[in-house]
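J.: One structure, as structure tokens, below. Some questions next.
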Amino acid sequence: MTSIESLTRTPTPRRAEAWWRRPWMVPLALVVVVFLGFSVPPYLTFDPSLSRLEPPPGNDLYYPLLVAHVLFGTVAMTTACFQIWPAFRARHRRGHRITGRVYVFAGVLPAGVLGLYIGWHTAAGPSVRVANLVGSALWLFVTIAALRMARQRRYGDHRKWMSRSFALAMSIVLSRIVNVVATIVLTPQVDTTFLGSADLMTHSAASIGVWLSPLVLWVLTDWLLERPRRTRRPAAQPPGS
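The numbering of the sequence shown is the numbering used here, which starts it at 3 and goes up by one.
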């Protein structure tokens, strides 16, 4: 078979593995549910006073776009779990394609574009601003690359780029955890390193979270994708067979 044919041929459906062979799926889904259950409800009230991000003074457009960003991001994080679920992908190929389109067109693309605006107008300082802009741009780039690979029927490459897209989508969860840890570590240094400025310490902790989280998840994802696969040894044949 030529290389062109190998890229364009339809892959043979594989038998889905039992869910317990992928033990990370259940805790991952729980993490997403808990995070969304904690983060999203304040924005469903459409009350700017309950926003976890302070709108810039005089910018009436920021809060409505922030709410839209949160809602589109919720769609992305929810459908992403179905995209990386091997059993769902193997047994429900049509459902996989539908959730994939929802993830891209009703999740990542609007959330990523709005994230550029929200990131630019952050009140957490220039380091967080650049991290948010870079993160949103990378999320858009890898997701569009995954979509392009799927349309070219390059399914192996599609899964790699979609895994990277999922890692960037989940980086917001890890950044919240890193932010808490960084705040705890840096708080005793407010009077020394930060010259008594609690705001500077808070911005620095946020900066650590938004820079470190996507980097860690991207590196981990690529390591998992590129690590050598163990091949199963063929079953031993009985003597005389």
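Note that CB positions come from ideal geometry on N, CA and C, so glycine has one too.
On the criterion of 16 or more Cβ atoms from any shown chain inside 10 Å, does Q85 qualify as buried, or is it exposed?
T.: buried
J.: Kindly indicate which three-state DSSP category R54 falls into: helix, strand or coil?
T.: coil
J.: Going by CA-CA distance only, name the one from P50, L197, G109 that's closest to A171.
T.: G109
J.: Does the Cβ of T47 have 16 or more other Cβ atoms within 10 Å, making it buried, or fewer, making it exposed?
T.: exposed
J.: Does the beta carbon of L149 fall short of 7 Å from some heavy atom of the ligand GTP?
T.: Of ligands this structure carries none, so the ligand GTP is not represented either.
J.: Specify, as a first and last residue, the run of the alpha helix (DSSP H) that V132 falls within.
T.: 128 to 153
J.: Can you list, in chain order, the residues of its chain with a C-beta nearer than 6 Å to that of F37? Leave out the 5 residues immediately preceding and following it.
T.: V175
J.: With a threshold of 16 other CB atoms inside 10 Å of the CB of G158, please say whether the residue is buried or exposed.
T.: exposed
J.: Using the C-alpha atoms, what's the distance from T80 back to G265?
T.: Limits of the chain in this structure are 3 at one end and 243 at the other, which puts residue 265 out of reach.
J.: If you draw a straight line from the alpha carbon of F196 to that of L32, how long is it in whole angstroms?
T.: 37 Å
J.: In or out: I120 buried (at least 16 other Cβ within 10 Å) or exposed?
T.: buried
J.: I'd like to know whether the C-beta atoms of G211 and V180 end up nearer to each other than 8 Å.
T.: yes
J.: From A200 to R54, what distance separates their C-alpha atoms?
T.: 18 Å
J.: Can you tell me which of the three DSSP states H98 falls into?
T.: helix
J.: Cα separation between A113 and L68?
T.: 9 Å
J.: Would V28 and C83 qualify as a contact pair, given that the criterion is a beta-carbon distance under 8 Å?
T.: no
J.: To the nearest whole angstrom, what separates the beta carbons of S165 and T223, a pair I think is in contact under 8 Å?
T.: 5 Å
J.: Over what stretch of residues does the alpha helix (DSSP H) that includes L118 continue unbroken?
T.: That run of the alpha helix (DSSP H) goes 111 to 122.
J.: Give the straight-line distance between the Cα atoms of V104 and S51, rounded to the nearest whole angstrom.
T.: 31 Å
J.: Mind checking G75: buried by the 16 CB within 10 Å criterion, or exposed?
T.: Buried, because 16 or more other Cβ atoms sit within 10 Å of the Cβ of G75.
J.: Answer yes or no: do P312 and Y65 have a C-beta to C-beta separation smaller than 8 Å?
T.: Lying outside 3 to 243, the shown extent of the chain, residue 312 is not represented and no answer is given.
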